[in-house]
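Protein chains in written order, with my numbering: chain A, 9 to 364; chain B, 2 to 357. All residues carry an ideal CB built from backbone N, CA and C; glycine is no exception. What you are looking at is a predicted structure, and each value in this text was computed from that prediction instead of being measured.
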Amino acid sequence: MRKWISLVLSIFSIHFAYAFQTLLYVDERAAKNSSEVASVLSQLQANQNKITILAASVYAVDETGKISGGLAKPLAKWAAQAQIKMMPVLVNKEFNSTLLGKFLANPIAQEHTIKKILAICEKHHYYGLQLDFENFPSDDKDQYAAFVVALAEKMHAQHFVLSVTVQPPSVTENMPKPDAQWFLKNSPWGYDYAKLAQACDFITVMAYDDHNSETTPGAIAPANWVRAVIKSLLTVIPAEKFSLGVPVYSGHWRSGGEEEGYHSYRQALTYANAENLLKQYNVTAQWQAQAKVNYAVFEHDYMNEYVFIEDAAAFRAKYDLAKQYHLRGISIWQLGFEDPQIWPILPSSTSKIKAA
Amino acid sequence: MRKYLVAILCLLGFNLSYALQTLLYVDYHARADIAENVELFKQLQPYTNKIDIFAPSVYVMDKHGKISHQLAQAFIDWAHQTHILLMPLVINQALNQESIHAVLHSSKAEQTAIEELTALCQKNKYYGIQLDIEHISYKDRDAYTKFVQMAAQAFHENHFQLSVAVVPPVDYEQQPAPYQFWMYQNWVGGYDYAKLAQAADFISVMTYDHHTGLTAPGAIAPADWIKQTIQSLLKDIPADKFSLGIPAYSGHWYTNMRNGMPVISETPLSYRQVEDMVAQHKIKLSWSDTAKVHYAIFINHSLNEYVFIEDAASFKAKYDLARKYHLRGISIWQFSFSDPNMWKVIPLRAAQRSPD
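Spelled out as structure tokens, the structure:
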């Protein structure tokens, strides 16, 4: 009998503890002095009860540690009223590899940045901050991890939440385990996944761009690949700190010219644009079962073009994966690109349980 | 009753008199020893009664107009014995733009080329030569035309035939897509179709490589594009001089690595290789109603791969187009790639021709 009670209790406790965290990205349209804040606000308002965290990509840090940018005031005000946690994103300036290398080699610049971040969070009453550093020069894993550890310590002391984005390792479906482990350890990016996960409150895994301008046309985030990424990264990132990055933008591939180095290239599309393309060329999308994505091939001037659509069905597949692996939640890139039908899929966060 | 008879006779008469001239390319390696040639003859033997012209790609023209490489005597003897006309190809070295530019701007080099080619025809009792000069700059258009006119005059004086291989036109005039414009400047603009057709005995239009490693994946020779190309080129090339190039190879698109970066790549496949690939990946083929080719998208290591297949079915679609437009014939690139069922589409040679 006691056994039963504890079992029932444990089931309940799991349920209570498990509040799905939906983080939504907004790009520079949310920045200070942006003329598009009104449209951002109107897009947000309709689904505000589905959003746990709003992550506006509005800050950048240069090689000297100087932070530029800022959040649009009306947006900050609205988020506070709507009880949505504000966690702006700080990128390395222009995702520039050289500047990032200089920054990571400069302890004074880093110290300055940490102070500045704390001041910004305090001044604007942010929930916390997300670091989105990309294009690392090689072998900067340790330096970056050390910076994140130092920053996390200071932020936690003042009760701010810190998260970082990471690019996934080059793992693929059906990859032999030793290979997957090798890629995890030696992934070309600057991420020491385990250390970052230990230091931060959560990690957003940018599980997208599997197919891009350099590859063949295909799903931005094929479900089979996303599953391989989750399985591999769960060995170093605990599920409760794992936020699955889910793209809601689609991709349109066509033959390129000089600018594209004379090969086919991808253009990102909003869902509305993808739908328009199908209508314009009078094609029906087909379902690619393994990747769980709708796609279409059509001819333009006798040349093939492809569109792979991250619609509600594709979104549902990724949402289900996040649930299946008991992940902390998802991080959606980004507002304005989505199929409106993704919103009913998401749980309402009216309960708004504190994640911690 | 009379009416019916006439109609029937017309039909019969039309069928009997109208046979497409079948030119078959063979990718001939100059250093191939006799043993390999024997193997080649054995493979060719069942189809000799369907082939009018053999066009081995063998000769190379350097920047001084000198012709190198040679056809094995066994091959020449065999062709003469089987009463198949021999029309070897000469290419500019490595299809290099500068190399052919040098020839076209030196009357000495031009003379050398014409004299050496005429001598080869005489010595080996060739039917003629096909010029397969590619990658000509659009700036060398008139110079190339002049060269072909001179060569044709010399050949005809000696009772040899001269044919020219050309790449099909691209639509570059109305708002050119960058890729098309590049194609025009570097591959298409060098051919003055009307003047070349006037000078030469026939033109082999290389209606293939419409989709390449530089474009999005798609059919090597989509039937709808071929049809449009024929219609547009018939303004410049009379039907009785128009030989339709038909590819016998398929295309495989995948994501390769170059300098540590992914890159979309395409590899041509023989029909045999296609069959192996289809079996290995358990590929289910689709049929494109517009391009009239079989194709498939399949996932390999979490990335899409594409195969567009030139088989007997796609061959028939193009053969039918050549008949529909009463073209002189077809030029098949090339023998070793082909689906053996392709030969069922080609009727027997109308009459044995003599090499003279």
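For this session: Have a look at T83(B), I77(B), I68(B), Y26(B) and flag the residue whose alpha-carbon is nearest the alpha-carbon of R350(B).
Result: T83(B)
Exercise. So with Cβ pairs under 8 Å, would you call W351(A) a contact of chain B?
Worked result: no
For this session: In angstroms with no decimal places, state the Cα-to-Cα distance between N182(A) and G252(B).
Result: 25 Å
Exercise. If V213(A) sits next to V237(A), beta carbons under 8 Å apart, how far is it from one beta carbon to the other, in whole angstroms?
Worked result: 7 Å
For this session: Go ahead and pull the three-state DSSP assignment for W344(B).
Result: helix
Exercise. What's the call for R32(B), buried or exposed, on a 16-neighbour Cβ count within 10 Å?
Worked result: In this prediction, R32(B) scores a pLDDT of 49, lower than 50, which makes its location untrustworthy; the coordinate-derived value is nonetheless stated afterwards. By the neighbour-count rule (16 or more Cβ atoms within 10 Å), R32(B) is not buried but exposed.
For this session: Using a threshold of 8 Å, state whether the C-beta atoms of L7(A) and G264(A) are closer than that.
Result: For chain A, the structure presents residues 9 to 364; residue 7(A) sits outside this window and is missing.
Problem set entry | alpha helix (DSSP H) runs contained entirely in the stretch 130-212 of chain B, provided each spans 4 or more residues | 142-158, 179-184, 194-200
For this session: Below 8 Å CB to CB, which residues in the same chain sit around T23(B) once its five sequence neighbours on both sides are set aside?
Result: K51, I52, D53, I54, G330, I331, I333, I347, R350
Exercise. Which two residues bound the contiguous beta strand (DSSP E) that contains A38(A)?
Worked result: Neither: A38(A) is in no beta strand (DSSP E) and is coded neither H nor E.
Problem set entry | CB contact check: S233(B) to chain A, cutoff 8 Å | no
Problem set entry | Close beta carbons around L328(B), own chain, < 6 Å, minus the five adjacent residues each side | A240, F243, L245
Problem set entry | Buried versus exposed, by CB contacts within 10 Å (16 or more), M262(B) | exposed
Exercise. Apart from the five residues just before and just after Q94(B), which ones in its own chain have a Cβ nearer than 6 Å to its Cβ?
Worked result: V61, D63, S100
For this session: Measure from the C-beta of N93(B) to each C-beta in chain A and report whether the shortest distance is under 8 Å.
Result: no
Problem set entry | Where the stretch 232-250 of chain A meets chain B: residues whose CB sits under 8 Å from a CB there | N232, W233, A236
Problem set entry | CB of S272(A) within 8 Å of CB of R262(A), strictly | yes
Problem set entry | For W188(B) and V168(B), believed in contact at Cβ under 8 Å, the rounded distance | 5 Å
Exercise. So what does DSSP say about Q166(A), is it helix, strand or coil?
Worked result: coil
Exercise. Checking contacts by CB at 8 Å: is Y310(A) closer than that to chain C?
Worked result: Among the chains of the structure shown, chain C does not appear; the protein chains present are A and B.
For this session: Would you please verify whether the beta carbon of S263(A) is less than 8 Å from any beta carbon of chain B?
Result: yes
Exercise. Hey, how far is the Cα of G219(B) from the Cα of H106(B)?
Worked result: 38 Å
Problem set entry | Per DSSP, the bridge partner or partners of I317(A) | N302(A)
Problem set entry | Bounding residues of the beta strand (DSSP E) (the contiguous stretch that carries S332(B)) | 330-334
Exercise. Taking Cβ positions only, does Q89(A) come closer than 8 Å to chain B?
Worked result: no
For this session: Mind checking who M258(B) pairs with in its DSSP beta bridge?
Result: P263(B)
For this session: Report, in whole angstroms, the separation of the C-beta atoms of A153(B) and A200(B), which I expect to be a contact under 8 Å.
Result: 4 Å
Exercise. Under the rule that 16 or more other beta-carbon atoms within 10 Å means buried, what is L21(B), buried or exposed?
Worked result: buried
Problem set entry | Anticipated Cβ contact below 8 Å, T146(B) with L197(B), distance rounded | 6 Å
Exercise. Looking at F168(A) and C208(A), is the spacing between their C-beta atoms short of 8 Å?
Worked result: no
Problem set entry | Chain-ordered neighbours of Q229(B) on chain A, where CB pairs are closer than 7 Å | Y310
For this session: Mind listing the chain A neighbours of L215(B)? Cutoff is C-beta to C-beta under 8 Å, in chain order.
Result: S263, G264, Y270, H271, S272
Exercise. Out of curiosity, what's the CA-to-CA distance linking F155(A) and Q29(A)?
Worked result: 26 Å
For this session: Using three-state DSSP, classify A325(A) as helix, strand or coil.
Result: helix
For this session: Label F345(A) either buried or exposed according to how many other C-beta atoms from any shown protein chain fall within 10 Å of its C-beta, with 16 as the threshold for buried.
Result: buried
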